[in-house]
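Using this note's numbering, read the sequence shown as starting at 1319 and increasing by one per residue.
Only one structure is covered here, and it is reproduced in the block below.
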Amino acid sequence: MLYATPTKPGHARLIAGGFSEYPEGVKPPGLLPLILKLTPKWFQHLKFPEFLYQDNAFLHGQEKAMARQGYNTNGEAPSGKYFEEAFTPTAADKGIIYFRKWLSAVGGVIPWAKGTPPLPDRSTDKAVIF
């Protein structure tokens, strides 16, 4: 499980968790359980962010591209038709789509705190992206 909570435009706090319990009689797939059992926790904590970094460069650029097209920092489409314009090909995206529909129905746009800086410009500096 991975949750990303926006903290200000261009920044998010990640909250991650995982499950390793399987129902009785169900064998975990592949070698992953053995690898996790043999790998020290400190090493798992050290390497987990590398998994997340794979998408950082793409997400960093995509956020800027959407802002140039008129999307606001809450992801609202300039046309008002976010759900028709968003391409979400996998079932894993359903949760976020339903959340956004609920948010649009009951709350709409959540304003940032006063004094929050605007979305920063696109960067190619690895220290900024990662």
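Note that the Cβ used here is the ideal one computed from N, Cα and C, for glycine as well.
Just so you know, these numbers come straight off a predicted model, no measurement behind them.
Practice task
Mark G1425 as exposed unless 16 or more other C-beta atoms lie within 10 angstroms of its C-beta, in which case mark it buried.
Solution key: Counting C-beta atoms within 10 angstroms of its own C-beta, G1425 has fewer than 16 neighbours from the protein chains shown and is therefore classed as exposed.
Exercise for the section: Along the alpha helix (DSSP H) that carries K1382, what are the first and last residues, could you check? Expected result: Judged by DSSP secondary structure, K1382 falls within the alpha helix (DSSP H) whose first and last residues are 1359 to 1386.
Handout entry: Within 7 Å, strictly: CB atoms of T1408 and I1415
Key = No; because the gap between Cβ atoms is not below 7 Å, this pair is not in contact.
Handout entry: C-alpha gap between P1429 and M1319, whole angstroms
Key = Taking the straight line joining both Cα atoms gives about 26 Å.
Practice task
Indicate the three-state DSSP secondary structure (helix, strand or coil) for A1445 in the structure shown.
Solution key: Shown here, A1445 sits in a helix according to DSSP, grouped into three states.
Practice task
Kindly confirm or deny that the segment 1325 to 1344 and the segment 1432 to 1441 touch, where touching means at least three C-beta pairs closer than 8 Å.
Solution key: With a cut-off of 8 Å on Cβ pairs, the segment 1325 to 1344 is in contact with the segment 1432 to 1441, counting three or more such pairs.
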